[in-house]
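So for the sequence shown, UniProt numbering puts the first residue at 1; every next one is plus one. Using N, Cα and C, we set each Cβ at its ideal position, and we do this for glycine too.
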Amino acid sequence: MAHFGMYTADTDGRDVVAVRPPTGDADPSPILGNVPGSVTHRSRIRRPAVRRGWLENGPGPSTERGADAFVEMEWDEFLPLLAGEFRRVLREHGNEAVFGGSYGWGSAGRFHHAQSQVHRFLNTLGGYTRSVGSYSLGATGTIMPRVMGTHWKMFSRSTSWDVIAEHTDLLVAFGGVPLKNTSVNHGGTSDHPTRDALHRLRARGGRIVSISPLRDDTDGAAEWIAPVPGSDVALMLGLAHVLASEGLHDTAFLQRYTTGYDVFERYLLGETDGVPKSPEWAQSLTGVPASDITALARRMARATTLVTVTWSLQRIRHGEQAPWMGLTLAAMLGGVGVPGAGFGHGYGSMNEPGLAPVPYPLPTLPQGLNAVSTSIPVAAISDMLLNPGGRYDADGTSSTYPDIRLLHWAGGNPFHHHQDIGRLRTALARPETIVVHEPYWTPMARHADFVVPSTTTLERDDLSCTRNDPLLVAMQAAVPPFADSRDDYDTFALLARELGVEYEFTEGRSSADWLRHLYEQWRRFVADAGRVTPPVFDEFWTEGTFRMDTEDGLTLLSDFRDDPERAPLRTPSGRIEIFSADIESFGYADCGGHPRWYAPDEWLNGERAQSFPLHLIANQPRTRLHSQLDHGAVSLASKIRGREPMRMHPADAAARGLRDGDVVRVFNDRGSCLAGLVVDDRLRERVVQLSTGAWYDPLDPSDPRSMCVHGNPNVLTADRGTSSLAQGSTGQHVLVDVEKWTGELPAIRAHDQPEFVDRGDVRQK
1 MAHFGMYTAD TDGRDVVAVR PPTGDADPSP ILGNVPGSVT HRSRIRRPAV
51 RRGWLENGPG PSTERGADAF VEMEWDEFLP LLAGEFRRVL REHGNEAVFG
101 GSYGWGSAGR FHHAQSQVHR FLNTLGGYTR SVGSYSLGAT GTIMPRVMGT
151 HWKMFSRSTS WDVIAEHTDL LVAFGGVPLK NTSVNHGGTS DHPTRDALHR
201 LRARGGRIVS ISPLRDDTDG AAEWIAPVPG SDVALMLGLA HVLASEGLHD
251 TAFLQRYTTG YDVFERYLLG ETDGVPKSPE WAQSLTGVPA SDITALARRM
301 ARATTLVTVT WSLQRIRHGE QAPWMGLTLA AMLGGVGVPG AGFGHGYGSM
351 NEPGLAPVPY PLPTLPQGLN AVSTSIPVAA ISDMLLNPGG RYDADGTSST
401 YPDIRLLHWA GGNPFHHHQD IGRLRTALAR PETIVVHEPY WTPMARHADF
451 VVPSTTTLER DDLSCTRNDP LLVAMQAAVP PFADSRDDYD TFALLARELG
501 VEYEFTEGRS SADWLRHLYE QWRRFVADAG RVTPPVFDEF WTEGTFRMDT
551 EDGLTLLSDF RDDPERAPLR TPSGRIEIFS ADIESFGYAD CGGHPRWYAP
601 DEWLNGERAQ SFPLHLIANQ PRTRLHSQLD HGAVSLASKI RGREPMRMHP
651 ADAAARGLRD GDVVRVFNDR GSCLAGLVVD DRLRERVVQL STGAWYDPLD
701 PSDPRSMCVH GNPNVLTADR GTSSLAQGST GQHVLVDVEK WTGELPAIRA
751 HDQPEFVDRG DVRQK
């Protein structure tokens with residue numbers, strides 16, 4: 001099982017040579033094609049390695065990270081050296097000085113889950129500074145619990161695709177429903193039903209309106225509205241103005257199920273600021289004709305309308321506003337809790353919204369208790385490292401950044417997720433020691449001092465399942481571990497032994513013991529719930545899968561709709577908070593107490609567009625999951641002369657003398673990268689699209705601002721949070737310009753091994 005689907009692997013004894021998805025998968029992910037050849041790829045980390053400069057000079061800040069050579073070691077030398085560094089940091093600086101970094105996408109397994117493993121290990125040592133939230137949902141994860149009372153419920157208990165296909169008349173999709181993203185789900189996925197559900201909706205007579213600068217953000221027939229990127233909230237306000245001014249809004253619903261609509265309406269009609277948010281006002285910002293906005297609002301009021309907002313819309317400055325305003329628009333229509341109507345967040349963002357949940361918890365490795373209370377927003381890593389002791393606001397509190405001396409990273413590649421790579425590289429020069437667990441020589445591994453060679457999911461046994469998929473899968477190792485790599489659990493167990501906390505970490509169990517233990521715990525819980533009775537572990541392991549029961553036919557917030565007094569929301573009012581007194585009390589200039597329009601920092605109607613006249617959408621790739629297996633066959637096949645493809649409208653290409661297949665330089669005042677040009681009319685003029693995930697490959701590894709020759713757009717994006725409320729990632733949008741590359745084409749080195757030197761050539765301090 002992988003994040004992008006269940007499969008059976010055919011091997012030659014050393015590597016996977018082919019994969020076969022299950023026959024029951026309605027729409028298998030094409031990125032399964034990246035798996036063959038991945039175990040023994042030339043980018044694999046063969047054995048433990050330590051950065052040469054760390055060995056020669058000892059721990060401390062270093063600008064050589066990312067450009068330095070490495071020394072490969074045996075485990076029996078590597079582990080005591082690393083344990084000694086842990087002892088030093090904990091003794092001299094305390095546990096708060098250790099940052100436990102992980103992003104959780106390293107494995108679809110429940111036990112060999114890098115995030116759980118590193119956090120459990122660090123907790124046995126007394127705790128660590130952690131990150132909270134996610135790059136995908138930084139703004140949503142803060143705003144929606146305050147105004148809707150939940151975050152995860154919007155996804156795990158969302159209105160099901162079957163209900164949408166049967167009942168929705170009009171699907172108004174802000175950000176579209178991009179099928180490419182529904183390939184993946186954390187914890188694995190055994191079916192991909194989105195394409196079929198959209199087909200059934202259309203076959204029944206339902207209509208889809210896709211609102212996105214990219215026409216292919218929705219598969220199949222859909223009306224396409226292409227606003228100026230970043231102006232979606234203005235468009236929503238224009239629609240809301242029509243509903244309110246023409247009396248098309250459901251006042252009875254607003255009175256019973258929401259709070260603060262009257263405050264919002266005064267803003268909407270211009271009574272508080274003198275600016276009515278009319279369709280004409282919205283047209284001036286979005287470029288969408290006022291007549292089209294008016295007509296769409298009237299259609300929405302007549303039909304069973306589902307308003308959806310993709311995650312991409314909140315990955316921008318003031319990203320809190322899009323999901324909040326989308327919920328407000330759905331509330332004005334009165335359809336929240338009605339089958340086929342209401343609000344949805346994340347359809348087309350991952351293969352979870354619309355899928356039926358399992359009704360009980362999943363097998364989970366306990367991480368223990370973290371004795372350190374310090375945390376940071378996940379997208380504030382550079383800020384934290386560059387500004388120890390600095391103050392910042394988030395979610396109504398003011399906090400201080402810790403002084404991090406040791407960064408321990410296992411799972412995830414921040415060079416894919418994080419904005420402004422030049423600034424990130426400067427930040428990564430600040431810690432005294434960086435430890436990275438990785439199967440491959442990713443950019444993060446190259447910036448480490450200690451590199452731990454980890455196995456991949458294909459080289460170890462595990463359990464896989466997720467909260468919105470019926471299958472629990474026995475992930476049985478397909479091939480033996482590559483070279484001298486080890487499971488992270490075994491590495492942590494040996495490191496814990498060196499540090500005197502082996503039993504606290506292992507509880508006396510091997511990996512195989514833990515799998516049996518976690519399964520049997522889960523089995524007893526499920527049996528006690530009285531719904532189904534799973535087999536004992538040995539029978540399950542032989543069979544390979546167990547099908548759990550699921551809760552089908554859900555409608556989001558139907559229980560709240562049926563009886564808001566007996567099933568109130570977990571908000572201060574128990575209702576949908578169109579106006580939040582708590583948020584208003586924070587006094588943030590960039591996020592007030594109700595949804596409103598804030599102009600983005602980087603958009604085509606702003607002054608910055610005079611210098612950088614193209615709006616780049618840095619969305620998720622269709623050829624891989626994040627940056628995983630960027631060297632795989634499907635990923636490589638999409639590249640142009642080795643560079644990540646970038647789409648551009650024919651008019652913009654012609655204006656610059658560019659042709660399909662050219663290598664171009666994409667640039668702004670933060671950095672630049674090379675990309676391969678795809679001329680395509682399926683996007684708005686003055687918009688270019690360059691997906692994230694190409695492994696960062698600087699022309700000059702010693703220069704943090706060097707051009708990436710491979711096409712990573714995060715050399716261009718701004719490292720600034722969504723607002724003082726959430727401090728979420730804003731890496732989806734950035735202004736750039738593009739020109740043809742006329743120089744010698746640099747070689748791609750992203751997937752090669754770094755430089756190594758012999759142990760005897762190092763002058764150790």
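{"Query": "CB contact flag (A97, L406, <8 angstroms)", "Result": "yes"}
{"Query": "Contact between the segment 710–726 and the segment 414–433 (3+ Cβ pairs under 8 angstroms)", "Result": "yes"}
{"Query": "Per DSSP, cross-strand counterpart(s) of residue 767", "Result": "The structure shown does not extend to residue 767, since the chain is modelled only from 1 to 765, so the question has no answer here."}
{"Query": "N370 vs N123 beta-carbon contact at 8 angstroms", "Result": "yes"}
{"Query": "Per-residue DSSP class, three states only, for G205", "Result": "coil"}
{"Query": "Three-state secondary structure assigned by DSSP to K740", "Result": "strand"}
{"Query": "Endpoints, beta strand (DSSP E) assigned at E72", "Result": "F70 to E72"}
{"Query": "Local Cβ density within 10 Å of A637, reported as buried at 16 or more and exposed below that", "Result": "exposed"}
{"Query": "Cβ neighbours of T550 in the same chain (closer than 7 angstroms, five flanking residues each side left out)", "Result": "A356, P357, V358 and P470"}
{"Query": "Touching by the beta-carbon criterion (3+ pairs, under 8 angstroms), the segment 622–639 and the segment 661–670", "Result": "no"}
{"Query": "Environment of V452 [buried if 16+ CB atoms lie within 10 Å]", "Result": "buried"}
{"Query": "Sub-8 angstroms separation of F505 and A496 beta-carbons", "Result": "yes"}
{"Query": "A379 to T142 span [Cα, whole Å]", "Result": "13 angstroms"}
{"Query": "Within-8 angstroms CB hit, E507 to chain B", "Result": "The structure shown has no chain B; it contains just one protein chain."}
{"Query": "F546: first and last residue of the uninterrupted beta strand (DSSP E) it sits in", "Result": "T545 to R547"}
{"Query": "In chain order, each alpha helix (DSSP H) run of at least 4 residues that lies wholly inside the segment 621–650", "Result": "633–638"}
{"Query": "Buried or exposed (CB count within 10 angstroms, at least 16 for buried), D630", "Result": "buried"}
{"Query": "Contained alpha helix (DSSP H) runs [length at least 4] in the segment 237–282, N- to C-terminal order", "Result": "251–257 and 261–268"}
{"Query": "Three or more C-beta pairs below 8 angstroms linking the segment 160–173 and the segment 300–310", "Result": "yes"}
{"Query": "Inside the segment 78–142 only - beta strand (DSSP E) runs reaching at least 3 residues", "Result": "98–101 and 130–132"}
{"Query": "Close Cβ partners of P423 (< 6 angstroms) along its chain, the five nearest in sequence each way excluded", "Result": "Inspection of the sequence shows that residue 423 is occupied by Arg rather than by Pro. Closer than 6 angstroms at the Cβ level, and outside the excluded window around R423, lie S382 and D719."}
{"Query": "Contacting residues, own chain, Cβ-Cβ under 6 angstroms from I376 (five flanking each side not counted)", "Result": "S131 and M384"}
{"Query": "Residue burial classification, E74 (beta-carbon count within 10 angstroms, cutoff 16)", "Result": "exposed"}
{"Query": "Where residue 766 sits in the DSSP three-state scheme", "Result": "Given a span of 1 to 765 for the chain in the structure shown, any question on residue 766 remains unanswerable."}
{"Query": "V435 beta carbon less than 8 angstroms from that of T11", "Result": "no"}
{"Query": "Bounding residues of the alpha helix (DSSP H) (the contiguous stretch that carries D528)", "Result": "S511 to A529"}
{"Query": "Neighbourhood of L386 by C-beta, 6 angstroms cutoff - its chain only, sequence neighbours within 5 removed", "Result": "A427"}
{"Query": "Limits of the alpha helix (DSSP H) - the one that residue 781 falls within", "Result": "Past the edges of the chain, shown from 1 to 765, lies residue 781, and the structure says nothing about it."}
{"Query": "Touching by the beta-carbon criterion (3+ pairs, under 8 angstroms), the segment 227–243 and the segment 584–604", "Result": "yes"}
{"Query": "beta-carbon T140 near the ligand MG non-hydrogen atom, thresh 7 angstroms", "Result": "Among the components modelled here there is no ligand, and therefore nothing to report on the ligand MG."}
{"Query": "7 angstroms Cβ shell around R643 - same chain, five flanking residues per side excluded", "Result": "V663, L674, A675, G676, H710 and G711"}
{"Query": "Candidates V118, L79 and T692: closest to P366 by CA position", "Result": "V118"}
{"Query": "As assigned by DSSP and simplified to three states, the class of T542", "Result": "helix"}
{"Query": "Where S190 falls, given that 16 or more other Cβ within 10 Å makes a residue buried", "Result": "buried"}
{"Query": "Counted within 10 angstroms of its Cβ, other Cβ atoms place Q732 as buried (16 or more) or exposed", "Result": "buried"}
{"Query": "Run of the alpha helix (DSSP H) containing H615, from where it starts to where it stops", "Result": "From DSSP, H615 is part of no alpha helix (DSSP H) but of the beta strand (DSSP E) over L614 to I617."}
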